[in-house]
Structure formats: structure tokens, C-alpha cells
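Written below as C-alpha cells is the structure these notes are about.
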Amino acid sequence: MSKYQVSETGLYGRYGGAWIPEMLYPNVENLRKCYLRILESDEFKKEYTGLLKDYVGRPTPLTYSSKLSALYNAHIYLKREDLAHTGAHKINNAIGQVIMAKMMGKTRIIAETGAGQHGVATATACALLDMKCVVYMGALDIERQAPNVARMKMLGAEVVAATSGNCTLKDATNEALRDWMSNPEDTFYVIGSVVGPHPYPDLVARFQSVISEETRRQVTEQTGKNLPDWIIACIGGGSNAAGSFYHFLDDESVRLVAVEAAGLGLDSGETAATIARGTEGIIHGSRTMLMQTDDGQITEPYSISAGLDYPGVGPLHAFLAEVGRAQVLSATDQEALDAAKLLTRSEGIIPALESAHALAALPKLKFGKDDVVVVTVSGRGDKDMQTYMNRLM
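Each residue of the sequence shown is one higher than the one before, counting from 2 in our numbering.
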């Protein structure tokens, strides 16, 4: 077994686990007992792989960027999750979990969302598979991600505003957990990232691992090399990064780079760079790195990107950073905006603000001229057009 995979007790090193109230225990334990059996069943594999191919549109392309390659003196490739159905990697996980919920006899799906992409993906999967869907979203995020809210409603989901705290992703997650505790019999909670109590971090990473599975094959097909030299992805909770890294974790020659949202700057007090500025603690049922006060009160993160302003990070990423398997960088709002503009003007690809943070790492790294560098474009920028118009035009 890989030293980077979750243990039987749900831990990555000392991170992870299931630190949950007694009322949630039956729900989480039921999922823990059956998730691997379902994932390994022929029935699940047939339905899931079929939908990834014929509905989601996988494999997504690996696009060579000649202009970024010339600029950074390396071979830069873009893993195009923005071209998956619904416009982001989130659909890989949402469809998998909704199929699993149906196989467990559940009839109602709840989810949390920040940027709205996970909410849209879950609403899409529920429409396809005939499940009732309720999505919790911070009131602030509802305002700044209006196009995705409209998409969720058109798909038949009920969107419930979280009005506590900072009215963002953390607060939406809190509301979803309360709902799940109140409705344990018929409801399945589709968590959108590699966060939460075990087995969710492992479950979501497995669904998103299709990204790195495809990347391995595509790099060899397009370059003749067995492995890329670098994989770069943004992290909030960290699902696209977990998926991008998954099948390279044991290949120590592949350098893994995770890019956090620095917001207005690491020392500004307005940041979402959890690994850089957080400390060890427990959030939403998992021991990980999080942003908190000296007495353990969770502090509000900030990022221009609604999908990255989560005050914690997945336990896998906390572990990879601690043991040095992944290098963690950060990008400010302005650096992300500049990177988005550069990609848009040079390649005709408008990335999501989240993905723009990964692109912003390119000028911070030193590449060899023959290096193959893969950047995961985790989503497209349609949802962020108002912010881009306000800040770049």
C-alpha cells in the first residue's frame, strides 16, 4: 500500500479521521462500511465509467500551450477540466457519489458549494439520476456566483442561503451537516472536496483520480516520456489537486505543486492560504491544517475566488506538505487575475479564478528547458466574468 494513501483508520499521517458528533456517527459509519464494496462492484463501475465517457465527455484533452511554453522555457500542457460537462472537474465526483447514494437506497441529496461548480455538478447528476437535490450556499457566494445559482435552479435544485458567519463555503458546509443530522434515513451528503470525516477525503480523491489516470497516458502519448516532470494545481479544499496528484504520488521524480489563495497577501490578514498561515486543528470532522485563533476559533478566510476561501484544507494535502511530497505556493488575487488574462489573451482559454491561481505559479518556479509541466485548468471562467469585467476591463 502507498505511504501516501489513507490508512484503514482514515488517516494520512496524523491528519484526517472522523471527529464527529454522536448524531452523525451512524451516517458516516454506514458510508465507511460500504463505500469500497460499492466502488469495486461491477454494477457501479459499468454505470460510472459509462457516464464519464458518454455524458461527462472524458477523457478531457491535454492541451499544449506553445505561448506559455515559450514564455516559461519549458513544455507547458493544460489538463482541460474546463471542458468536462458543467465546466469543471466537480462533475467527476458528483456523478460518482449520486450513483453510490442510489445504490445505498437514498432518495434525497444535499450538498454544499462555494463557487457553485460543485452545486451545479450535483444538481446535474440529480437531474440525470432522478434524485431530489438541496444545495447549501453562502449568501455572499450566491451574490457573486449568480450564473451558477441560476443553473442550479434550472436543473431543479433547491438553493438554500447560509446566512451565518462570513456567508461563504464554511457556513454552507455547517448548514449541510445540520441537515444531514436531521435527515439520516433518506439523505446522502455529497461533499464536494477532499475534506470532511473519513471516508470522504478518500472517496472524493478516488473519483477525481481520473484526472491523473488520463494525464499519465496522455503525457506518454504526446511527449514520449513515461512521466511529466511537474504537476501544478490550485487548492482550497483540494479535490482537483488530489485528483491531479493521485496516480503520481509514488513517482517521486514528479514534482507536485499545490497553489493556495493568498488573497490580499500572506501577511495581510485577508488570505485563504491555509497551509502557509494555518495551524493544526479540527474542522468539519477532520484533523487538518486550518485558519484559527490561538484559542481555536475558526477565522474567516478571504480570496477573490469563491472556490478557494475555505478555512481548512484536505488532510491529504496537509500530509503531503508536511512530509515534503508536495511544494505549496500561494498566489494573490492580483497574480491570479494577471495569470487569467495572460492565458485568455495568449491561448483563447478563459479559466476559472480558482484555476488562475495554479497558472500564477508558473513564473514562481524554475523549469528545465526539457521539462514537461502539466497545469490543471480545473474549471472555466464563465461564472467569474463579472469579477473579470470589474477588475480587468
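Using N, Cα and C, we set each Cβ at its ideal position, and we do this for glycine too.
- Tell me which same chain residues have a C-beta within less than 8 Å of the C-beta of residue 103, skipping the five on either side of it? Residue mapping note: residue 103 aligns to position 102 of the sequence shown, counting from 1. Hits under 8 Å: 130, 132.
- Message: Quick check for students: name the residue ranges of the alpha helix (DSSP H) that lie wholly in the segment 14–49, counting only runs of 4 or more.
- Response: Fully enclosed alpha helix (DSSP H) runs of 4 or longer: 26–40.
- Message: Alpha carbons only, please: which of 273, 109, 335 is nearest the one belonging to residue 293?
- Response: Sequence index remark: in the sequence shown, residue 293 carries index 292 (1-based). The option with the nearest alpha carbon to residue 293 is 273.
- Query: Is the beta carbon of residue 322 sitting closer than 9 Å to the one on residue 263?
  - Reply: In the sequence shown, the residue the question calls residue 322 occupies position 321. In the sequence shown, the residue the question calls residue 263 occupies position 262. Not in contact: residue 322 and residue 263 (Cβ atoms no closer than 9 Å).
- Message: Short of 6 Å in beta carbon distance, which residues of its chain neighbour residue 152, apart from the five on each side in sequence? Order them along the chain.
- Response: To locate residue 152, count along the sequence shown from 1; it is residue 151. Annotation for residue 152: 121 place their beta carbon closer than 6 Å to its own, counting only its chain and skipping 5 residues before and after.
- Item | Contact set for residue 165: own chain, Cβ-Cβ below 6 Å, skip 5 residues either direction | Along the sequence shown, one-based indexing puts residue 165 at 164. Around residue 165, the same chain offers 172 as residues with beta carbons nearer than 6 Å, after the five sequence neighbours per side are excluded.
- Query: How about the segment 171–186 and the segment 73–91: do they share at least three Cβ pairs that are nearer than 8 Å?
  - Reply: By the Cβ criterion, the segment 171–186 is not in contact with the segment 73–91, since fewer than three pairs of Cβ atoms, one from each stretch, lie closer than 8 Å.
- Secondary structure at residue 80, three-state DSSP: helix, strand or coil? By 1-based counting over the sequence shown, the position of residue 80 is 79. DSSP places residue 80 in strand when its eight states are reduced to three.
- Message: Less than 7 Å between C-beta atoms, sequence neighbours within five positions excluded: which residues of the same chain meet that for residue 345?
- Response: To locate residue 345, count along the sequence shown from 1; it is residue 344. Taking residue 345 as the centre and dropping the five residues before and after it, the same chain places the C-beta of 351 closer than 7 Å to its C-beta, in chain order.
- Message: Can you give me the C-alpha to C-alpha distance between residue 168 and residue 150, rounded to a whole angstrom?
- Response: Taking the first residue of the sequence shown as position 1, residue 168 is located at position 167. Taking the first residue of the sequence shown as position 1, residue 150 is located at position 149. Spanning the two alpha carbons is a distance of roughly 15 Å.
- Task: Could you please give me the residues that DSSP links to residue 301 through a beta bridge?
- Result: Here residue 301 refers to the residue found at position 300 when the sequence shown is read from its first residue. Looking at the DSSP assignment, residue 301 forms no beta bridge with any residue, so it has no partner.
- Query: So who's on the other strand from residue 231, going by DSSP bridges?
  - Reply: Position 230 of the sequence shown, counted from the start, is the residue given in the question as residue 231. According to DSSP, residue 231 bridges with 256, 374.
- Taking Cβ to Cβ, would you say residue 230 is nearer than 9 Å to residue 255? In the sequence shown, the residue the question calls residue 230 occupies position 229. In the sequence shown, the residue the question calls residue 255 occupies position 254. At a Cβ-Cβ threshold of 9 Å, residue 230 and residue 255 count as neighbours.
- Which runs of the beta strand (DSSP E), 3 residues or longer, sit entirely within the segment 182–219? Segments of the beta strand (DSSP E) lying fully in the segment 182–219: 188–191.
- Message: Between 348, 363, 383, which has its C-alpha nearest residue 66's C-alpha?
- Response: Along the sequence shown, one-based indexing puts residue 66 at 65. Cα-wise, what sits closest to residue 66 is 348.
- Message: residue 211 and residue 53 - do their beta-carbons sit closer together than 9 Å?
- Response: The count along the sequence shown starts at 1 and reaches residue 53 at position 52. The count along the sequence shown starts at 1 and reaches residue 211 at position 210. Yes, these two residues count as a Cβ contact at 9 Å.
- beta strand (DSSP E) containing residue 284: first to last residue? Residue mapping note: residue 284 aligns to position 283 of the sequence shown, counting from 1. Bounds of the beta strand (DSSP E) holding residue 284 are 280–284.
- Task: Give the DSSP-derived three-state secondary structure of residue 51 in the structure shown.
- Result: On the sequence shown, residue 51 is found 50 positions in, with the first residue counted as 1. In the three-state reduction of the DSSP assignment, residue 51 falls in the helix class.
- Item | Cβ neighbours of residue 257 in the same chain (closer than 6 Å, five flanking residues each side left out) | Numbered from its first residue, the sequence shown carries residue 257 at position 256. Here the set comprises 232, 246, 327.
- Is residue 64 helix, strand or coil when you go by DSSP? To locate residue 64, count along the sequence shown from 1; it is residue 63. Strand, per DSSP.
- Under the rule that 16 or more other beta-carbon atoms within 10 Å means buried, what is residue 87, buried or exposed? Taking the first residue of the sequence shown as position 1, residue 87 is located at position 86. Flag for residue 87 reads buried.
- Who are the near neighbours of residue 227 in its chain, counting only those whose CB is closer than 7 Å to its CB and skipping five residues on each side? If you number the sequence shown from 1, residue 227 lands on position 226. Residues 221 of the same chain have their beta carbon placed closer than 7 Å to that of residue 227, with the five preceding and five following residues left out of the count.
- Item | Closest Cα partner of residue 118 within the set 108, 138, 100, 99 | Here residue 118 is taken as the residue at index 117 of the sequence shown, counted from 1. Nearest to residue 118 by C-alpha distance, out of 108, 138, 100, 99, is 138.
- Message: Looking only at its chain, what residues have a beta carbon closer than 6 Å to the beta carbon of residue 234, apart from the 5 residues adjacent to it on each side?
- Response: Here the question's residue 234 lines up with position 233 in the sequence shown. Excluding positions up to five away in sequence, the list reads 241, 242, 245, 359, 377.
- Task: Under the assumption that residue 312 contacts residue 276 (Cβ atoms under 8 Å), give the Cβ distance between them as a whole number of angstroms.
- Result: Here residue 312 refers to the residue found at position 311 when the sequence shown is read from its first residue. Here residue 276 refers to the residue found at position 275 when the sequence shown is read from its first residue. Not really, about 12 Å apart at Cβ, beyond 8 Å.
- Run the CB neighbour count on residue 51, radius 10 Å, all protein chains shown included, and call it buried at 16 or more, exposed below. By 1-based counting over the sequence shown, the position of residue 51 is 50. Classification of residue 51: exposed, given that the 10 Å Cβ count is below 16.
- residue 315 to residue 237, Cα distance in whole Å? Reading the sequence shown from its first residue, position 314 is the one you call residue 315. Reading the sequence shown from its first residue, position 236 is the one you call residue 237. A straight line joining the alpha-carbon of residue 315 with that of residue 237 spans about 8 Å.
- Query: How close, in whole Å, do the beta carbons of residue 200 and residue 11 come, if the pair is a contact with beta carbons under 8 Å?
  - Reply: To locate residue 200, count along the sequence shown from 1; it is residue 199. To locate residue 11, count along the sequence shown from 1; it is residue 10. Yes, they are in contact, since the Cβ atoms of residue 200 and residue 11 sit about 7 Å apart, within 8 Å.
- Contact set for residue 33: own chain, Cβ-Cβ below 7 Å, skip 5 residues either direction: Translated into the one-based positions of the sequence shown, residue 33 becomes position 32. If the five residues before and after residue 33 are omitted, its C-beta is found closer than 7 Å to the C-beta atoms of 199, 200, all from its own chain and listed in chain order.
- Quick one: residues in its chain with C-beta nearer than 8 Å to the C-beta of residue 57, no 5 flanking neighbours on either side, listed in chain order? By one-based count along the sequence shown, residue 57 stands at place 56. 85, 86, 92, 93, 96, listed in sequence order.
- Going straight from the alpha carbon of residue 19 to that of residue 370, what length do you get? The residue you call residue 19 lines up with position 18 of the sequence shown. The residue you call residue 370 lines up with position 369 of the sequence shown. Computed Cα separation, rounded: 45 Å.
- Item | Expected contact under 8 Å - CB spacing of residue 177 and residue 380 to nearest Å | The residue you call residue 177 lines up with position 176 of the sequence shown. The residue you call residue 380 lines up with position 379 of the sequence shown. No, residue 177 and residue 380 are not in contact; Cβ-Cβ is about 21 Å, not under 8 Å.
- Item | Bridge-paired residues (DSSP) for residue 138 | The count along the sequence shown starts at 1 and reaches residue 138 at position 137. Looking at the DSSP assignment, residue 138 forms a beta bridge with 114, 162.
- Query: Taking all protein chains shown into account, do 16 or more other C-beta atoms lie within 10 angstroms of the C-beta of residue 290, making it buried, or fewer, making it exposed?
  - Reply: Position 289 of the sequence shown, counted from the start, is the residue given in the question as residue 290. Under the 10 Å beta carbon count, residue 290 is surrounded by 16 or more other beta carbons and is classified as buried.
- Whole-angstrom C-beta distance between residue 134 and residue 157, which should lie under 8 Å: In the sequence shown, residue 157 corresponds to position 156, counting from 1. In the sequence shown, residue 134 corresponds to position 133, counting from 1. For a cut-off of 8 Å, the C-beta gap from residue 157 to residue 134 is around 7 Å, short enough to register as a contact.
- Item | residue 83 versus residue 60 - alpha carbon distance | Mapped onto the sequence shown, residue 83 falls at position 82. Mapped onto the sequence shown, residue 60 falls at position 59. For residue 83 and residue 60, the distance between alpha carbons rounds to 12 Å.
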